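The opening position of the sequence shown corresponds to residue 2 in the numbering used here, with each subsequent residue numbered one higher. Glycine included, C-beta positions come from ideal geometry on N, C-alpha and C. Computed from a predicted structure; not experimentally measured. The structure appears right after this line, and notes come after that.
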Amino acid sequence: MDHEQELPLLSAVAQRIAALRSQIAYHNHLYHDLNQNEISDEAYDQLTRELRQLETDWPQFADPQSPLGRVGGAVQRGFETVAHRVPMLSLQDVFSEQDVRDFVRRMGQETPDPRFVVEQKIDGLSVSLRYTDGRLVRGLTRGDGQTGEDVTRNLLMIESVPAELPSALPDLLVRGEVYMSVAAFEAVNARQEALGGKPFANPRNCAAGTMRQLDAAIVRERRLSLFVFNVQAAEGITFKSHAESLAWLTGQGFAVSPGWTLCQNEDEVWTAVASIGAKRFALPYGIDGAVVKLDDLALRAQLGATSKVPRWAVAYKYPPEQKETRVLDIQVQVGRTGRLTPMALLEPVQIAGTRVSRATLHNQDYIDNLDVRVGDTVLIQKAGDIIPAVLAVRREQRTGQPPPFKIPDSCPVCGAPAERDGEGADIRCTGADCPAQLSRHLVYFASKEAMDIDGLGPATVEALMQAGYLNHLSDLYHLHAHRERLVESGLVGKEKSVGKLLAAIEKSRQNPLDRLLTGLGIRNIGRQAARTLAAHYRDMDQLLNATEEDLTGLPDLGQVSARSLRQFFSQPQTVRLLSELREAGLRMTSDLLPEKDSPLLARTFVLTGTLPGLKRDEARRLIEQAGGSVAGSVSARTDYVIAGEAAGSKLDKARQLNIPILDEDGLRRLLADGQGHPGLDKEP
């Protein structure tokens, strides 16, 4: 390949590697730091396999910050962080019988007749426990592999964690997995639903989130468990083999990974792996694979580890279970963000240990590509405790001519138009007051950048909705009629908290037009676009009468935004909502419409640093009320830079471009008389 041919290939490889690293880092953060997951284990494994292959084939793109070179997640706040005495590494994943046999053969090249221990890979949160003179003195989460969080108090709330050992060794460090049984998980979710809370996605996430609770009583209540699977360090006793150490740990009162098997050759190893796989869905807890470990501890020490994984063990990941069933119906659900998601209602089938009666079809493109129709026989898969998905259609089994399924062009909940997200695959409801989106709409409406209703966060909104106080956005402004009942119920706190919330709601009635426009959450209309509209239209009525052509002519407002505005204002749902808000006494006029002789008309400002007597939002509003605009960065088109304490690079750039620099007093004088003050070009 000549140089000219090679350059485009190198560029494509570099871009793909960068994209994979970004995706994997994002999902690592969700899984390890937030106890969440958006994709199945199989999909995540596919990403890591592709990246590992590319990094192997193209070593010139090696990067020590690659997510494949790091273990676990970031250390969380709220607990003391402590360095691990022995790094808590991950395991090398393998995905086929051949991979397992290859590993066994490699170990055979290191020592004659090696033995192996095969264990279940428990799906939970990895921890290390240190015992001094037989007493538990410290327990750490894995964290980033080098440092972890001290969760000793929480570990002592777990019944299967011994606080004292029969053998009072001077020092003992063991590693285990905190997990939640299926029964405990179902009990926790039942309590969550009874209290109106959001259920946990799966036992692993629930266990990890529970271990990070600052209230140890919650840990006891949720009935976590622990399996110990390794001695990391010991003083006062020596072991020759892993099997010997597991037997000793059992005698000390630890629960070790059940059903572990000692194997002599690759056939026995694979039989043990397959045996675990055959019964994995019948286990009372979740596993996400099988671990194959070299039994000889001396040889383990000799082989050592990479920066991320030991060389003496691998984790086999089982393929997700797949089964065939029939599509009974296809229904469309509306999520909190307005996304319309088609769901296949299925003839119930047992898969991955649970009874499955529905599966996601994702979006219209997914349906079209599969050509899935009501009555079809389909192949479904459930992996990683994610909602099952339809993988394929058995078209040869289709009978008759069922019609293709199309997601409706109106919301099935509120009837508002449903539109595709630009070039994306998702279709969303555009309703201003759609019940399915009410929680999100209310939280955004009350946010600081919109109506700034302090105290109306997600938890408060959910509580008020569950109690039936909020069924429409305009219901906010009728909460004062329920003051006594709110105080008695304690939904949002006692009398003082209720009073503060109602006062914040009352104050928001006087917010100007731009804040109301922001709070309505109109597609493609953010805070700056709302300010532009308020700077050109004196009230809501005038804006309602503006044509798409009028709107397109405004600065910072393109055709897409103009079309979104017209579609939003033309909906009966919007007209009704605005009428209700008007009747509730909300202000529908602008305070940003400048007079023709406003001192700052058409001038652009940049704010940097901390002003002694003005908050950033206050300074911005004063400038906009006087006809000016505020930009985020300094350029040749900037007229003034307003600099306060700790002003940074924006101030330096202003000096380079010879842009006038004012402090707070200079801004106030400029607002008062419209005259510049060149002498203020100094360090504020």
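Apply the 10 Å Cβ neighbour rule to residue i and answer buried if 16 or more other Cβ atoms are within range, or exposed otherwise.
i: Y27; result: exposed
i: R116; result: buried
i: T586; result: Before going further, note that residue 586 is Gly rather than Thr in the sequence given. That one is exposed.
i: A299; result: exposed
i: E267; result: buried
i: E120; result: buried
i: N206; result: buried
i: E550; result: exposed
i: Q574; result: buried
i: Q560; result: exposed
i: V87; result: exposed
i: R516; result: buried
i: N155; result: buried
i: V76; result: Because V76 sits at a pLDDT of 48, beneath the cut-off of 50, its placement in the model cannot be relied upon, and the following sentence gives the value as read from the coordinates. Buried is the call here.
i: E584; result: exposed
i: Q382; result: buried
i: G629; result: buried
i: A273; result: buried
i: G633; result: exposed
i: P171; result: exposed
i: L658; result: exposed
i: A20; result: exposed
i: S562; result: buried
i: A208; result: buried
i: P710; result: Look at the range of the chain in this structure, 2 to 685, and you will see that residue 710 is not part of it.
Once the 5 residues before and after residue i are set aside, which same chain residues still bring their CB inside 7 Å of it?
i: N361; result: A small correction: the amino acid at residue 361 is Thr; Asn does not occupy that position in the sequence shown. Only T342, M344, I388, A390 meet the Cβ criterion.
i: T533; result: L555, P556, D557, L558
i: R192; result: none
i: L544; result: L534, Y538
i: V270; result: V101, V105, F117, V119, C264, V293
i: D386; result: Unreliable positioning characterises D386 in this predicted model, as indicated by a pLDDT of 46, which lies under 50. The coordinate reading is nonetheless provided below. Closer than 7 Å at Cβ, skipping near neighbours: A202, N203.
i: G614; result: E665
i: I624; result: L601, F606, V631
i: H85; result: S129, L141, Q147, T148, G149
Throw me the rounded Cβ distance for the residue i and residue j pair, which I believe falls under 8 Å.
i: R224; j: A185; result: 4 Å
i: L126; j: E178; result: 7 Å
i: Y286; j: I123; result: 7 Å
i: T590; j: L514; result: 6 Å
i: P68; j: R22; result: 6 Å
i: L52; j: I18; result: 7 Å
i: V576; j: V607; result: Not quite, the Cβ-Cβ distance comes to about 39 Å (not below 8 Å), so this is no contact.
i: L304; j: D330; result: Rounded, the Cβ-Cβ distance is 56 Å, inconsistent with contact.
i: Q233; j: L166; result: About 15 Å separates the two Cβ atoms, so there is no contact after all.
Tell me which residues share the same chain as residue i and place their Cβ nearer than 8 Å to its Cβ, disregarding the 5 neighbours each side in the sequence.
i: H363; result: T342, P343, A390, A426
i: T338; result: R429, Q438, R441
i: H537; result: L555, L594
i: G735; result: Nothing can be reported for residue 735, as the shown portion of the chain is limited to 2 through 685.
i: D46; result: D94, F96, K318
i: P259; result: Q121, F228
i: R621; result: L608, V631
Residues in its own chain within less than 6 Å of residue i by CB, not counting five upstream and five downstream?
i: G520; result: F446, A451, M452
i: R395; result: T378
i: D410; result: A419
i: H473; result: D434
i: G237; result: L170, P171
i: I660; result: T639, V642
Considering only heavy atoms of the ligand NAD, does any lie closer than 8 Å to the CB of residue i?
i: Y478; result: Although the ligand NAD was asked about, the structure shown includes no ligands whatsoever.
Start-end ranges of the alpha helix (DSSP H) lying completely within the stretch 124 to 211, minimum 4 residues:
Complete alpha helix (DSSP H) runs here, min 4: 153 to 156, 183 to 195.
Decide if the stretch 313 to 323 is in contact with the stretch 286 to 296; the criterion is three or more beta carbon pairs, one per stretch, under 8 Å apart.
yes
Does the stretch 453 to 460 come close enough to the stretch 506 to 513 to have 3 or more Cβ pairs within less than 8 Å?
Because the criterion of three Cβ pairs below 8 Å is met, the stretch 453 to 460 and the stretch 506 to 513 touch.
Count Cβ pairs between the stretch 133 to 147 and the stretch 214 to 223 that sit closer than 8 Å; are there 3 or more?
No, the stretch 133 to 147 does not touch the stretch 214 to 223.
Counting only runs that start and end within the stretch 237 to 286, where is the alpha helix (DSSP H) found for 4 or more residues in a row?
243 to 252, 267 to 280
Just checking, does the stretch 251 to 263 make contact with the stretch 225 to 236 on the three C-beta pairs under 8 Å criterion?
Three or more pairs of CB atoms, one per stretch, sit closer than 8 Å, so the stretch 251 to 263 contacts the stretch 225 to 236.
Can you list the alpha helix (DSSP H) stretches of 4 or more residues lying completely in the stretch 90 to 115, in chain order?
98 to 111
Starting from the N-terminal side, write out each stretch of the alpha helix (DSSP H) that is 4 residues or longer and does not extend beyond the stretch 441 to 496.
459 to 467, 484 to 490
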